[in-house]
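To keep things clear, I will list the structure first and then write my remarks on it.
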Amino acid sequence: MTDPNIIDFDGPDDPANPINWTPRYKWSMVVILSLMNLMVNLGTIIVAPAAPQILADFHENSGLYSTILVSIWELGEILGPLIIAPLAELYGKLIIYNVANVLFIIFSIGGATSTNIDMLIAFRCLSGLMVASTTLNDGTIGDMFPPEQRGGAISLISLCPLLGIVVGPIIGGYLTAAAGWRWTFWIITIATGVVQIGFLFLRETYAVTILQKKTNRLRKETGNMALRSKYASDLSKSQVFRTAALRPVKMLLFSPIILIMSLYSAVIYGWLYLVMTTLTEVFESQFNVSQGPVGLTFIGIGIGMFIGAISCNLLLDKWAIRAAAGGEIKPEYRLPVMVLGGMILPIGFFIYGWTAEKHIQYVVPIMGTAIISCGLILTTLPCVTYIVDAYTQHAVSAMAAMIVLRNVAGTVLPLAGPPLYGKLGLGWGNSVLGFIALAFVPIPLLLVKFGERIRTSKRCEMNM
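Shown next as structure tokens:
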């Protein structure tokens, strides 16, 4: 018998449940979330073409600073999810989005007004710390969309941010040449402020927070203090925060699925940042491309990501529905697309590395970067969808675990780029990355066969 004091949604068609929101509202929300993700991607990479002018302005000549200016952002994003994820589980996602976005704007202003290189690096790190969209977006999609629509939604929410990879370096290159490097920060500040206005009209999607607010309202209306949310806990807020803060770490330690997928995603993400942080120098030194046009060399990465995202949108849900054959869509049905991406990725490294080293027409290495980024998207989006499907209630914590490792790689691996290319050259340096990528291909194949058994084991469920 159902306890009348337990508060839940009013049946499967309750309009308060985000799953039942109108498609128009849900996709409007996806657009706003995507636009903020676009700002994040712009903020991450727009500074890359400006690095030489920044170093000259602050009288620094260490090439290491060029890499740090881009990758230090990732250090902030390492710590951010460990704070943002538990706060979102405690207070809801919407308020965390809004607070983090406002702080992001403030720190962007700090970057624009920096008076020395250390101050600029610090504000870059703090800006990365306040990136809420990366941590929360995929979980928000899981709140609003059923499994048969989730793959397409996650793919589409990735499309708009991909423009940042293309437009960011182009804007950064030409804006730096025309108005100076500080305007690369001011443009992010202004654009993010405009997008933030849209967040003021969004609704909470996290079921735990929605039902707790409903419970509080009904207690006030009825005077029945025995009413409890379906998700109510006897823990204090500090205990809930501590539990939620430790959950990503526990998932990494005790869930082989989370650990393996996080490591795979981290390595690939780190390689992309390695390529992006060295791309300007490679094309300036190998092909004599000047500061303004050098931003155009990032177009290949953006085009590849666009193709990868469109492919995921077409394939992820379609293949999963076909594999389910009218039954339940299991998370493992997302993984064949990941296998495809894993096989494409190394081809891109081989093409990019050897054609750049041999000074073959610059369009060819740009095509190589397009193949790299296409393989990356075909690998990471199925990975993300798999995690959201498998750990829906704790998707934010699962994504936080993945993002932490991913951003560690995004911070550390780019530092290996200059010495790797310096010692082995662009050809063999990128070939090493390609061979390592090949070694990862069996991982999704093994998870197709054994993934369900592993993630549903008592040991894994006990530690969630």
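If you number the sequence shown the way this note's numbering does, the last residue is 1126 and the count never jumps. Ideal Cβ placement from N, Cα and C applies to all residues, glycine included. This one's a predicted model, so the numbers in the text were calculated from it and none came from an experiment.
- Distance from Leu936 to Pro1076 at the Cβ level is roughly 5 Å; contact confirmed, criterion being Cβ atoms closer than 8 Å.
- Boundaries of the alpha helix (DSSP H) harbouring Arg904: Lys899 to Phe916, taken from the DSSP string.
- With respect to the C-alpha of Gly989, the residue from Tyr687, Glu810 and Tyr727 having the closest C-alpha is Glu810.
- Taking the C-beta atoms as reference points, Phe807 is found nearer than 9 Å to Ile681.
- In the DSSP annotation of this structure, the continuous segment of the alpha helix (DSSP H) that includes Leu880 starts and ends at Ala869 to Thr884.
- Counting C-beta atoms within 10 angstroms of its own C-beta, Ile757 has fewer than 16 neighbours from the protein chains shown and is therefore classed as exposed.
- At a cut-off of 4 residues, the continuous stretches assigned as alpha helix (DSSP H) that sit fully inside the segment 1066-1120 are 1079-1102 and 1104-1117.
- A distance of 9 Å or more separates the beta carbons of Phe785 and Ser795.
- About 43 Å separates the Cβ atoms of Arg879 and Ala774, ruling out a contact at the 8 Å cut-off.
- Taking C-alpha positions only, Lys875 is separated from Tyr893 by approximately 12 Å.
- When the beta-carbon positions are compared, His1021 and Phe949 come within less than 9 Å of each other.
- By the criterion of at least three beta-carbon pairs nearer than 8 Å, the segment 748-762 is not in contact with the segment 700-713.
- Exclusion of the five residues before and after Gly826 leaves Leu700, Asn703 and Leu704 as the residues of its chain whose Cβ lies within less than 6 Å of its Cβ.
- Comparing C-alpha distances from Thr1041 to each of Ile872, Lys980 and Leu934 shows the shortest one belongs to Leu934.
- Between Leu731 and Ile783, the C-beta spacing is below 9 Å.
- Partner residues in the beta bridge of Arg890, as assigned by DSSP, are Ile668.
- Phe766 and Ile669 have their alpha carbons spaced roughly 36 Å apart.
- Bounds of the alpha helix (DSSP H) holding Glu1019 are Leu997 to Glu1019.
- Considering only Ile965, Val1070 and Ala1063, the residue with the shortest C-alpha distance to Leu1038 is Ile965.
- Around the beta carbon of Pro685, a 10 Å sphere encloses fewer than 16 other beta carbons of the protein chains shown; the residue is thus reported as exposed.
- Annotation for Glu866: no alpha helix (DSSP H) segment contains it, and DSSP assigns it neither H nor E.
- Glu739 is a Cβ neighbour of Leu791, given a cutoff of 9 Å.
- Going by DSSP, Trp845 is part of the alpha helix (DSSP H) stretching over Arg844 to Phe861.
- In the DSSP annotation of this structure, the continuous segment of the alpha helix (DSSP H) that includes Val1050 starts and ends at Val1025 to Ala1052.
- For Ile920 against Ala1060, the beta-carbon gap comes to about 6 Å, under 8 Å, which counts as contact.
- Asn950: not part of any alpha helix (DSSP H); DSSP gives it neither H nor E.
- Here Val951 has Phe945 as same chain residues with Cβ atoms under 6 Å from its own Cβ, once five neighbours each way along the sequence are excluded.
- The shortest C-alpha to C-alpha distance from Gly1004 to any of Ile850, Pro1044, Val709 and Ala853 is the one to Pro1044.
- A Cβ-Cβ contact shorter than 9 Å links Asp1051 with Ile991.
- With three or more CB-CB distances shorter than 8 Å, the segment 905-912 counts as touching the segment 740-755.
- Closest in alpha carbon position to Arg996, among Thr1047, Tyr1024, Ser947 and Ile961, is Thr1047.
- By the neighbour-count definition (other C-beta atoms within 10 Å, threshold 16), Arg1068 is a buried residue.
- By alpha-carbon distance to Val1026, the top candidate from Tyr1014, Ala1099 and Ile1034 is Tyr1014.
- Remark: C-beta atoms of Phe960 and Gly830 approach each other more closely than 9 Å.
- Looking at Met1000, Val1070 and Phe1012, the one whose alpha-carbon comes closest to that of Gly813 is Met1000.
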